[in-house]
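Colleague:
Protein chains: 2
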Amino acid sequence: MPDNLIFEFIERIGYVIRTEWRKALLEYDLQPVHLDVLRYLAACNRYSDTPQGVAEYLEITKGTISQSIKQLETKGFVEKQADASDRRMVHLHLTEKAQALLDKLTPPPGFDDAMRNFSGQEEAALLGNLRDILAQWQIARKRQRFGVCHTCRHYQSGGAGTGQCGLTGEGLSAEDSQKICREFT
Amino acid sequence: MPDNLIFEFIERIGYVIRTEWRKALLEYDLQPVHLDVLRYLAACNRYSDTPQGVAEYLEITKGTISQSIKQLETKGFVEKQADASDRRMVHLHLTEKAQALLDKLTPPPGFDDAMRNFSGQEEAALLGNLRDILAQWQIARKRQRFGVCHTCRHYQSGGAGTGQCGLTGEGLSAEDSQKICREFT
DNA sequence: TCTTTTGGTATCGATTCGAAACATAATTAA
DNA sequence: TTAATTATGTTTCGAATCGATACCAAAAGA
Numbered sequence: 011m012p013d014n015l016i017f018e019f020i021e022r023i024g025y026v027i028r029t030e031w032r033k034a035l036l037e038y039d040l041q042p043v044h045l046d047v048l049r050y051l052a053a054c055n056r057y058s059d060t061p062q063g064v065a066e067y068l069e070i071t072k073g074t075i076s077q078s079i080k081q082l083e084t085k086g087f088v089e090k091q092a093d094a095s096d097r098r099m100v101h102l103h104l105t106e107k108a109q110a111l112l113d114k115l116t117p118p119p120g121f122d123d124a125m126r127n128f129s130g131q132e133e134a135a136l137l138g139n140l141r142d143i144l145a146q147w148q149i150a151r152k153r154q155r156f157g158v159c160h161t162c163r164h165y166q167s168g169g170a171g172t173g174q175c176g177l178t179g180e181g182l183s184a185e186d187s188q189k190i191c192r193e194f195t
Numbered sequence: 011m012p013d014n015l016i017f018e019f020i021e022r023i024g025y026v027i028r029t030e031w032r033k034a035l036l037e038y039d040l041q042p043v044h045l046d047v048l049r050y051l052a053a054c055n056r057y058s059d060t061p062q063g064v065a066e067y068l069e070i071t072k073g074t075i076s077q078s079i080k081q082l083e084t085k086g087f088v089e090k091q092a093d094a095s096d097r098r099m100v101h102l103h104l105t106e107k108a109q110a111l112l113d114k115l116t117p118p119p120g121f122d123d124a125m126r127n128f129s130g131q132e133e134a135a136l137l138g139n140l141r142d143i144l145a146q147w148q149i150a151r152k153r154q155r156f157g158v159c160h161t162c163r164h165y166q167s168g169g170a171g172t173g174q175c176g177l178t179g180e181g182l183s184a185e186d187s188q189k190i191c192r193e194f195t
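Sequence order for the protein chains is A and B. The opening residue of the first sequence carries number 11 in this note's numbering; numbering runs sequentially from there. The opening residue of the second sequence carries number 11 in this note's numbering; numbering runs sequentially from there.
(1) Cβ of B:F87 less than 8 Å from any chain A Cβ?
(2) Grab the span of the beta strand (DSSP E) containing B:L102 for me, first residue to last.
(3) For A:G86, which residues of its own chain have a beta-carbon under 7 Å away from its beta-carbon, when the five flanking residues on both sides are left out?
(4) Alpha carbon to alpha carbon, what distance is there between B:N139 and B:F19?
(5) Less than 8 Å between CB atoms is the rule here; does B:A94 satisfy it with respect to chain A?
(6) Is the separation between the beta-carbon of B:T74 and that of B:M99 shorter than 8 Å?
(7) From A:Q146, A:G130, A:A134 and A:R126, pick the residue whose C-alpha is nearest to that of B:A145; which is it?
(8) Just by C-beta distance, which residues in the stretch 19-33 of chain B are closer than 9 Å to chain A?
(9) Helix, strand or coil for A:K80? Go by DSSP, reduced to three states.
(10) Under a Cβ-count criterion, where at least 16 other Cβ atoms within 10 Å of its own Cβ denotes burial, should B:D93 be classed as buried or exposed?
(11) Taking 8 Å as the CB-CB cut-off, is A:D123 touching chain B?
(12) Taking the alpha carbon of A:V26 as the reference point, which residue from B:S78, B:K189, B:E133 and B:D46 has its own alpha carbon closest?
(13) Could you give the DSSP three-state label for A:A94: helix, strand or coil?
(14) Which residues in chain B have a C-beta closer than 9 Å to the C-beta of A:A135? List them in chain order.
(15) Would you decide whether A:R78 is buried or exposed? Buried here means 16 or more other CB atoms lie within 10 Å of its CB.
(16) Can you tell me whether A:G130 is buried or exposed? The criterion is at least 16 other CB atoms within 10 Å of its CB, across all chains shown.
(17) How about A:I16: is its C-beta nearer than 8 Å to some C-beta of chain B?
(18) Determine the chain B residues that contact A:E69 at a beta-carbon separation under 7 Å, and present them in chain order.
(19) Measuring straight from C-alpha to C-alpha, what distance separates B:Y50 and A:T29?
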């Protein structure tokens, strides 16, 4: 059962990642879920930086995530900004304090050292395999899909990495195009 | 930053694993930590199937794990057995109900499908890489080491997969030798 | 206009988790 | 032997997660 072994190792490494994070977060008086939220906000685009977007990505109910965001706001890691056109919506922005925390904890202490013996070729192969597993699994799960903007069906290239979203009509910078979008199709 | 990308993918797959488990466990009225405990007990040997062993492996305080084990016992997934020689110690055994749950959830639904396109060669390479990362990281972390019995310094081979533990002097079956031990050195 | 949908918040109960205190048994030192 | 220390496990406390549910307000549709 080689499939099972691969699963076991990914799961165990994942567990160690969470353990390292949990211990590191104690100093900041934060819970694991808070880091998950911050990591998502750092990676998502401006259509997806709302409580609902966080809830869908983390597959947690919005009522629950509302509480976690409240904590993050109180502690100065997140700022809320009302949407200009839709008064129901709230956009969430990371503070510098949050960015510093992410820089420190991604990847967690020691992980990079563990990769030191890998060649560039091995890394590329490993990365490709992991990407495949995740992509195939996402398809099998048939869940709400999140994807990187510039690989979306709505994305219209405008050259030099910039583009336009066919769904909203808005222009997208090169940076925008690299981020995760909840409207991804 | 290819290291970072590899980390990101392992972390994300790990997150999806936990999400699938969390949803599946709702039906059984169990929390994620309960499955972690059951998985450890299924993999550890008779020197390590105690509350303390669980706590060390999961890197959670023993007071916390004591509560989780209480739940598992009440719900019929675990049975406690007093140690014959040390009256402080308690050994934890999985019930058939627990074994059935593990069989169903490991790996979680859909994961095997995601591996379908891999060749035997690719799988072997991937497995080797993951094994390396975990091993190197464990060394870098310098934490309490857990390891498979037959790779331990105390293990003395007796042929045909069986052996003897140089620490306790006890005989070890072929099955024992494949399990995780907290006395691993 | 009326209804439905969507985004967000608030509250409840069960549970996790770290921390600390505690009880008991085993081990070590005097 | 006796006393101090260490190890295993339980209990209790407070803060937080999480699912479930109800609720409010704004937007979208009929």
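A virtual CB, placed ideally from N, CA and C, is assigned to each residue, including glycine.
Modeller: Let me spell this out:
(1) It does not; no Cβ of chain A falls within 8 Å.
(2) Note, B:L102: beta strand (DSSP E), V100 to L104.
(3) Taking C-beta separations shorter than 7 Å and ignoring five residues to either side along the sequence, the partners of A:G86 in its chain run T105 and K107, following chain order.
(4) Spanning the two alpha carbons is a distance of roughly 14 Å.
(5) By this cut-off, B:A94 is not an interface position.
(6) Going by C-beta atoms, B:T74 is not nearer than 8 Å to B:M99.
(7) By alpha-carbon distance to B:A145, the top candidate from A:Q146, A:G130, A:A134 and A:R126 is A:R126.
(8) Under the 9 Å Cβ criterion, the stretch 19-33 of chain B contributes F19, I20, E21, R22, I23, G24, Y25, V26, I27, R28, T29, E30, R32 and K33.
(9) Of the three classes helix, strand and coil, the one that applies to A:K80 here is helix, per DSSP.
(10) By the 10 Å Cβ count, B:D93 comes out exposed.
(11) It does; some Cβ of chain B falls within 8 Å.
(12) Minimum Cα distance to A:V26 is reached at B:D46.
(13) Reduced to three states, the DSSP call for A:A94 is coil.
(14) Listed along chain B, the residues sitting closer than 9 Å to A:A135 by beta-carbon distance are E132, A135, L136 and N139.
(15) One detail in the question is off: residue 78 of chain A reads as Ser in this sequence, not Arg. With 16 or more other CB atoms across the displayed protein chains lying within 10 angstroms of its CB, A:S78 is buried.
(16) Exposed is the call here.
(17) Contact of A:I16 with chain B is assigned, a C-beta pair being separated by under 8 Å.
(18) Listed by position along chain B, the residues whose Cβ is nearer than 7 Å to that of A:E69 are T29.
(19) C-alpha separation (whole angstroms): 15 Å.
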